[in-house]
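Before any comments, here is the structure.
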Amino acid sequence: MTNFCSGDCADVLRQLWDFLDQELTPERMVVVRAHLDRCASCYPEYDFEKIFLEAVASTGRQRCASAQLRERVFACLRDAGYTGRAATAENH
Ligand SMILES: [Zn+2]
34 MTNFCSGDCA DVLRQLWDFL DQELTPERMV VVRAHLDRCA SCYPEYDFEK IFLEAVASTG
94 RQRCASAQLR ERVFACLRDA GYTGRAATAE NH
């Protein structure tokens, strides 16, 4: 096991959408932010979800999808091999 913070990771990933929506308490925002800064396994997830939200926002309908729906869309995209890194690479 090279993952030094697996317990934290599950917690952080569960709260990622709320973090991106800034709907966590200020304390949780700080904890999640700090975790993302030092965790190599969570950061790509964060990066991808952020890009996804920005893409949704760019349609001008950022409030159209519930967290549950977004999570399903996100899972489908990831199943299809769509990653944050690929999206970044194509974005120019
Ligand atoms: Zn983590």
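Numbering (the numbering used here), first residue to last: 34 to 125. Glycine included, each C-beta is placed from N, C-alpha and C at the ideal position.
1) Measure the Cβ-Cβ separation of Leu46 and Cys72 and say whether it is below 8 Å.
2) Taking DSSP as the reference, what is the three-state secondary structure of Gly114?
3) Would the C-beta of Val45 count as close to ligand 1, meaning under 7 Å from any of its heavy atoms?
4) Grab me the residues of Trp50's own chain with a C-beta within less than 6 Å of its C-beta, minus the 5 sequence neighbours each way, in chain order.
5) Would you identify the three-state DSSP class for Ala108, choosing helix, strand or coil?
6) As a quick exercise: from Phe52, Arg103 and His68, pick the residue whose alpha carbon is nearest that of Phe85.
Taking the coordinates as given:
1) Indexing the sequence shown from 1 puts residue 46 at position 13. Indexing the sequence shown from 1 puts residue 72 at position 39. For Leu46 and Cys72, no; Cβs fall outside 8 Å.
2) Sequence index remark: in the sequence shown, residue 114 carries index 81 (1-based). Gly114 falls in the coil class under three-state DSSP.
3) The residue you call residue 45 lines up with position 12 of the sequence shown. Yes - ligand 1 has a heavy atom lying nearer than 7 Å to the Cβ of Val45.
4) Along the sequence shown, one-based indexing puts residue 50 at 17. Residues of the same chain with a CB within less than 6 Å of the CB of Trp50, apart from the 5 flanking positions on each side, are Ala100 in chain order.
5) Within the sequence shown, numbered from 1, the residue matching residue 108 stands at position 75. If DSSP states are grouped into helix, strand and coil, Ala108 belongs with the helices.
6) Locating residue 85 in the sequence shown gives position 52, where the first residue counts as 1. When Phe52, Arg103 and His68 are compared, the shortest CA-CA separation from Phe85 is found for Arg103.
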